[in-house]
Amino acid sequence: RTNMLEVMNSDYIRTARAKGLTEKTVVNKHAFRNTFIPLVTTLSGMLPGLFSGAMITETVFSIPGIGSMALRATLQGDIPFVMGYNLFLSALTIVGYIISDLMYAVVDPRVKLSE
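Numbering (our numbering), first residue to last: 2 to 116.
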């Protein structure tokens, strides 16, 4: 919300309004794209965080799942499982950043995917 208000007070938004564009066009075509840039950055790191949150939630509510299994393996010293789980979280982090890079090309017109 704060970022949207900041974008709506930008010079290029005032210019778009001065050109006679409707408010709907100004918001949808100009403001939303620039509002999504920080959102894409934030969401890219949240993918592995979901599994960390699952560990806490599953432990507190005694729900069987990957989070409680990872915690139990950590407490019991199951090194191969812990290493595999960390590898899985690392792969999720990389996938999140790749998706983030692809979304930048969609959201930010200055970023182009090159070959």
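Beta carbons are placed, not taken as given, at the ideal position from N, Cα and C, and that holds for glycine.
All values derive from a computational prediction rather than experimental measurement.
What is the DSSP secondary structure of G50, reduced to helix, strand or coil?
helix
How should V107 be labelled, buried or exposed, when 16 other C-beta atoms within 10 angstroms of its C-beta is the threshold for buried?
exposed
Using beta-carbon positions only, say whether M47 and A71 come within less than 7 angstroms of one another.
no
Determine, using beta carbons only, whether V83 and A74 come nearer to each other than 7 angstroms.
yes
Relative to the alpha-carbon of E7, which residue among V41, N35, T26 has its alpha-carbon at the smallest distance?
N35
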